[in-house]
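There are 4 protein chains.
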Amino acid sequence: MNYHKIFADICSEIHQKEDKGVVASYIPELKKVDKDKFGVYMSMINGEHSAYGDWEEKFSIQSISKVLTLVLAYKSEGEKLWKRVGVEPPGTPFNSLVLLEHENGIPRNPLINAGALVICDILLDTCSNPKEEFLDFVRELAGNDSLEYNQAVAESEKATSFRNAAAANLIKSFGNLKNKVDDVLDLYAYTCSIDMTCADLAHSFQFLATDGYDKKSKKQIISVSRSKRLNALMQLCGFYDQAGEFSVKIGLPGKSGVGGGIVAVLPDHYAIAVWSPGLNEKGNSYLGMEFLELFTTKTEYSIF
Amino acid sequence: MNYHKIFADICSEIHQKEDKGVVASYIPELKKVDKDKFGVYMSMINGEHSAYGDWEEKFSIQSISKVLTLVLAYKSEGEKLWKRVGVEPPGTPFNSLVLLEHENGIPRNPLINAGALVICDILLDTCSNPKEEFLDFVRELAGNDSLEYNQAVAESEKATSFRNAAAANLIKSFGNLKNKVDDVLDLYAYTCSIDMTCADLAHSFQFLATDGYDKKSKKQIISVSRSKRLNALMQLCGFYDQAGEFSVKIGLPGKSGVGGGIVAVLPDHYAIAVWSPGLNEKGNSYLGMEFLELFTTKTEYSIF
Amino acid sequence: MNYHKIFADICSEIHQKEDKGVVASYIPELKKVDKDKFGVYMSMINGEHSAYGDWEEKFSIQSISKVLTLVLAYKSEGEKLWKRVGVEPPGTPFNSLVLLEHENGIPRNPLINAGALVICDILLDTCSNPKEEFLDFVRELAGNDSLEYNQAVAESEKATSFRNAAAANLIKSFGNLKNKVDDVLDLYAYTCSIDMTCADLAHSFQFLATDGYDKKSKKQIISVSRSKRLNALMQLCGFYDQAGEFSVKIGLPGKSGVGGGIVAVLPDHYAIAVWSPGLNEKGNSYLGMEFLELFTTKTEYSIF
Amino acid sequence: MNYHKIFADICSEIHQKEDKGVVASYIPELKKVDKDKFGVYMSMINGEHSAYGDWEEKFSIQSISKVLTLVLAYKSEGEKLWKRVGVEPPGTPFNSLVLLEHENGIPRNPLINAGALVICDILLDTCSNPKEEFLDFVRELAGNDSLEYNQAVAESEKATSFRNAAAANLIKSFGNLKNKVDDVLDLYAYTCSIDMTCADLAHSFQFLATDGYDKKSKKQIISVSRSKRLNALMQLCGFYDQAGEFSVKIGLPGKSGVGGGIVAVLPDHYAIAVWSPGLNEKGNSYLGMEFLELFTTKTEYSIF
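Protein chains in written order, with numbering that gives the first Met the number 0: chain H, 0 to 303; chain X, 0 to 303; chain B, 0 to 303; chain U, 0 to 303.
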């Protein structure tokens with residue numbers, strides 16, 4: 000099978016599909032993005048890659064950052080991290096605060112907003128300069144020193160994300176945040192605001208396709224076993240309440256963001272990142288999902 | 000790597016672990032089982048197998064049957080089946096009726112009780128003699144014509160499962176059951192009551208390790224794509240509200256039953272069934288989970 | 000103040016109001032009722048009364064029966080009844096099964112369906128012939144020996160009320176029903192099916208305006224203190240999730256039914272029953288609510 | 000009947016009852032209160048009064064303030080206030096945030112925390128100097144110019160009430176707060192912090208026993224109809240999730256606070272305030288409830 004041929008074929012077809020997605024509007028800064036952008040980059044573990052469209056253009060990674068903050072916290076905290084955040088799928092969207100209340104302030108998993116807030120709280124304790132250390136970590140994973148926080152996006156989110164503030168205060172009321180609510184919300188907003196290209200994202204996640212080992216830096220970022228656990232978590236929790244549909248139709252561990260990015264991994268084969276700003280009603284990139292479904296269907300290869 | 004060696008090593012160690020599980024008591028017939036039973040059977044796609052302990056003893060498959068009824072219904076209904084049942088993880092246990100009410104009688108997935116009731120309702124419409132056809136189907140998959148319903152277990156469940164009756168009536172109130180509630184509950188209780196050995200179960204699920212093709216009968220039970228979808232569903236929904244923990248620790252698609260059985264699949268490698276009647280607080284076999292965690296950890300091989 | 004004059008004035012105006020209500024359709028038999036029916040009857044404790052329109056015509060009392068079954072069970076069980084059913088308002092409509100599940104099968108109060116099912120379960124234990132004893136009790140309260148169950152309505156409800164069957168099975172699963180689910184549902188359907196006129200209802204509830212004493216039969220139906228408790232329960236729980244609005248706008252203890260009847264009581268003054276089959280979106284008679292709001296506003300007299 | 004005699008009799012007995020209550024600890028400042036304090040003051044509409052114990056000692060009125068902020072907002076907003084807050088009982092305690100989320104940021108009623116936050120938001124818009132105007136209003140109702148905010152209590156609450164901050168942010172996320180979250184929380188904390196005596200409270204609420212007319216100031220504080228509506232709201236929503244039990248056992252409109260105060264009204268007869276800092280598990284004064292239950296039982300007079 001030729002991955003690159005299939006990749007190219009789908010790229011040539013994808014524009015015939017109607018983009019039924021809608022650009023995210025809840026963070027004012029994100030509204031400004033051009034809906035017609037489309038980029039995709041596949042990085043194979045053998046060093047080959049395929050790229051198409053706007054793959055060199057930066058966009059806001061948003062929730063995709065939740066995997067990266069988790070990795071950094073997991074490295075220092077280890078398994079005791081799971082005392083403060085669960086590993087179960089979130090159930091339905093409206094449940095975020097509902098389940099948080101029922102389950103005494105322990106978020107269901109680290110890839111939903113509530114869970115990522117707890118992870119940021121951990122980073123505030125374990126890093127001497129959390130924003131700097133996190134940015135350095137992401138730059139190293141991406142192999143790209145030019146990556147930066149997008150301050151306009153971060154401040155825009157901080158000014159408007161009352162629901163995150165509600166979640167953070169509720170978690171705090173249960174004693175599961177150690178730091179000040181405002182400090183947690185600040186770090187959270189900044190980690191979400193990093194701008195990256197499809198290539199950056201595929202490079203950053205490739206260590207999860209190679210059992211935690213990063214070929215670029217020749218470092219074991221995280222152990223084999225933890226690398227598998229991170230993939231399992233992405234599989235179950237990476238797509239809001241569309242995790243099931245993503246698993247059934249696409250069958251890869253991955254994570255989406257409301258900036259329109261999706262990154263996914265086929266262990267032992269490749270990492271892939273796709274970007275199309277129009278979101279479906281679940282908050283996942285509409286054409287991004289279409290592309291990945293075609294790709295795993297035509298390659299006839301997924302984790303299942 | 001030698002799967003058989005690792006298998007044997009773990010078998011020789013497993014009895015040193017304390018069995019913290021408790022035998023299911025909510026169905027009176029199931030209480031009678033000897034908690035000390037332990038069996039396991041691995042069937043590799045190359046035809047080899049390993050077996051240990053009480054692998055030839057029959058036990059009640061209970062919820063494991065939900066995968067098998069789903070396969071039979073999926074074969075005849077195809078993708079339109081997903082109009083009546085979802086593909087998302089269940090959220091928390093108490094949610095069963097809660098979410099059913101919120102989501103207008105569409106169960107979250109076919110591997111929870113509510114979803115399996117809808118599947119049984121479909122079988123009542125698509126089969127001329129549902130009990131007979133389902134038993135024939137399971138016998139064929141297992142390659143064992145001696146399999147039978149356990150009438151005592153089925154009747155015991157029917158007499159005591161008021162919560163299933165509640166779910167069925169609630170689904171009916173939303174119009175998502177076509178047949179009589181009692182008929183649906185009857186078929187459901189019988190499909191759960193089949194007695195099988197670890198070997199039977201591993202053989203029955205092996206087609207899901209080989210993209211839907213059953214080597215014994217030389218039949219394509221279900222298409223490649225649907226076989227992958229079934230594995231994805233088991234991954235996300237096969238272990239009640241412990242799906243995340245099972246994925247993170249074990250990393251295989253599978254399904255458990257309150258009879259103490261667990262069956263799991265590593266696509267392109269093996270199907271494995273383990274039986275130990277003591278259940279953890281989530282309703283999954285305590286030692287069965289322990290065995291499988293050791294197995295995928297030591298083989299260093301899972302879907303992730 | 001002249002109650003009768005105000006009563007007459009409102010009756011002469013009420014037809015100018017548009018009836019925005021809709022006749023209940025979920026029980027097929029109830030759909031047949033003529034929406035234009037309107038009747039009202041006020042029975043004062045001094046023996047006077049006012050009547051208007053279709054006050055002599057029988058209609059299905061439906062949930063109004065919940066107060067009457069409660070009185071009969073309260074007489075024999077006394078305060079230990081509150082171990083099996085609460086006294087708190089129901090919250091929201093969709094909560095019926097939700098809260099039942101959260102609160103371990105103890106219905107929130109005896110005037111919602113779930114609670115009335117528990118009351119019927121009690122009557123099955125405390126009465127030697129529950130249907131006969133209940134009918135005798137209602138006939139005595141109404142002073143009308145011609146009252147009868149409407150078998151067509153009862154059987155229509157039994158055949159279609161899957162949600163009640165769901166609630167009954169859920170309560171049974173928690174051990175809070177002693178009798179068979181079908182027997183409880185049968186008694187429940189029959190008690191709801193009695194046909195009564197506005198005059199019958201006003202007479203039946205008048206003892207709650209006179210501290211539990213029934214002037215007609217010269218019997219203390221229930222003690223002073225329990226009579227007050229029953230009024231308090233009606234105040235908080237008598238109008239589904241519109242209890243607050245009814246209290247704020249009308250300010251009388253009362254109970255409605257989906258047959259379009261509402262009965263209400265001003266202690267030390269009167270009992271009043273109004274009937275208009277069109278229901279508002281909360282299931283309470285649209286014009287019935289309008290009439291009572293005008294009546295307590297113009298008389299400037301309520302319990303508050 | 001002699002109210003004063005019954006009042007005195009109960010006062011002489013009340014200390015024989017074990018105080019099973021516990022002093023509120025969630026606001027650090029409140030923990031300092033002496034649990035043995037007990038005071039009660041009844042102000043009859045004919046000008047007579049009875050007093051006992053620590054009726055002249057000030058305590059923190061806490062949630063009792065919710066009625067007073069509501070009255071002030073109701074005076075200026077009128078019925079359009081009900082577009083932003085409901086009139087239905089809250090359901091269960093854990094529902095506060097749950098129902099807020101389900102019901103799109105419209106709190107169920109103005110006497111729960113979420114609802115009082117919306118009322119404070121209204122006061123921030125309608126008053127030029129909300130804190131000063133509210134304090135003036137309470138001083139006038141109480142006929143006591145010495146009343147003050149307790150700054151230590153207010154600041155203690157602001158520093159620790161993360162759950163209120165969660166609710167305020169959630170309401171803001173639905174657009175039902177116009178002002179800054181911190182400003183709303185600040186006003187809320189101050190209004191709760193006023194210290195008053197039993198006599199102050201009974202005087203302040205007496206206008207609700209006289210159809211909105213305040214005899215002291217000879218002013219109609221609010222219209223007859225709105226006065227009745229306020230009583231109805233207290234009846235249904237004044238005691239957290241113990242509203243039903245309070246109605247059934249005591250049968251008076253009223254409001255409690257976690258400072259241990261309860262104020263209640265029998266329209267056309269009296270206003271009564273009782274204070275005992277030990278709270279039952281629902282957050283209502285344990286001995287305060289006992290006193291009021293004895294009082295309405297022995298006087299045989301309630302609204303029902």
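We put the CB at the ideal spot given by N, CA and C, even for glycine.
For residue i, collect the residues of the same chain with a Cβ closer than 6 Å to its Cβ; drop the 5 residues on either side in sequence, then sort them by chain order.
i: H/F93; result: Summary for H/F93: the model assigns pLDDT 44, below 50, so the residue's position carries little reliability, and this model does not support an answer.
i: X/N143; result: D199
i: U/N51; result: The sequence shown places Tyr at residue 51 of chain U, rather than the Asn named in the question. These residues qualify, in order along the chain: C10, V39.
Would you mind sorting residue i into buried or exposed? The rule is 16 or more other CB atoms within 10 Å of its CB.
i: U/H14; result: exposed
i: H/G174; result: exposed
i: H/N45; result: exposed
i: U/N1; result: exposed
i: X/H268; result: buried
i: B/D240; result: buried
i: B/Y212; result: buried
i: B/N230; result: buried
i: U/Q150; result: exposed
i: U/A72; result: buried
i: H/G77; result: exposed
i: X/V70; result: buried
i: U/S275; result: buried
i: U/C124; result: According to the sequence provided, residue 124 of chain U is Asp. The question's Cys does not apply to it. With fewer than 16 Cβ atoms within 10 Å of its Cβ, U/D124 is classed as exposed.
i: X/S160; result: buried
Just curious, the alpha helix (DSSP H) that residue i is in, first and last residue?
i: B/Y315; result: Past the edges of chain B, shown from 0 to 303, lies residue 315 of chain B, and the structure says nothing about it.
i: H/G305; result: Coverage of chain H is limited to positions 0 through 303, which leaves residue 305 of chain H absent and any answer about it impossible.
i: H/K171; result: 161 to 172
i: X/G142; result: Segment: none, X/G142 is in no alpha helix (DSSP H) and carries neither H nor E.
i: X/Y4; result: With the sequence shown as reference, residue 4 of chain X is identified as Lys, and Tyr is not the correct amino acid for it. Looking at the DSSP string, the run of the alpha helix (DSSP H) that includes X/K4 is 2 to 13.
i: B/G114; result: 112 to 125
Taking the beta strand (DSSP E) that residue i falls in, what are its first and last residues?
i: X/S216; result: Looking at the DSSP string, X/S216 is not in any beta strand (DSSP E), and its letter there is neither H nor E.
i: U/S49; result: 48 to 52
i: X/Y187; result: Where X/Y187 is concerned, there is no enclosing beta strand (DSSP E), although the alpha helix (DSSP H) it sits in stretches over 180 to 191.
i: U/Y40; result: 38 to 43
i: B/K254; result: 253 to 255
For residue i, I'd like the list of residues in its chain whose CB is within less than 7 Å of its CB, leaving aside the five on either flank, ordered along the chain.
i: U/W54; result: G38, V39, Y40, T196, C197, A198
i: H/Q61; result: C191, G256, V257, G258
i: B/A115; result: K65, T68, P109, Y187
i: X/K171; result: V180
i: X/F290; result: I9, I13, V39, V273
i: B/D113; result: Note that residue 113 of chain B is Ala in the sequence shown, not Asp. The answer, listed in chain order, is S95, L99, P106, A166, I170.
i: X/S246; result: Q234
So residue i and residue j are in contact, right, with Cβ under 8 Å, and what is the actual spacing, rounded?
i: X/K281; j: X/V66; result: With 8 Å as the limit, X/K281 and X/V66 do not qualify as a contact, their Cβ atoms being about 18 Å apart.
i: U/G243; j: B/P88; result: 6 Å
i: U/V32; j: U/F58; result: 7 Å
i: B/L235; j: B/I193; result: B/L235 to B/I193, Cβ: 24 Å. No contact.
Who are the Cβ neighbours of residue i in its own chain at under 8 Å, not counting the five residues just before and after it?
i: X/S301; result: I249, G250, L251, L265, T295
Going by DSSP, what residues sit across from residue i in a beta bridge?
i: B/S284; result: B/L278
i: B/F238; result: DSSP output for B/F238 lists no bridge partner at all.
i: B/Y300; result: In DSSP, B/Y300 forms no bridge with anything.
i: U/V273; result: U/V39, U/I261
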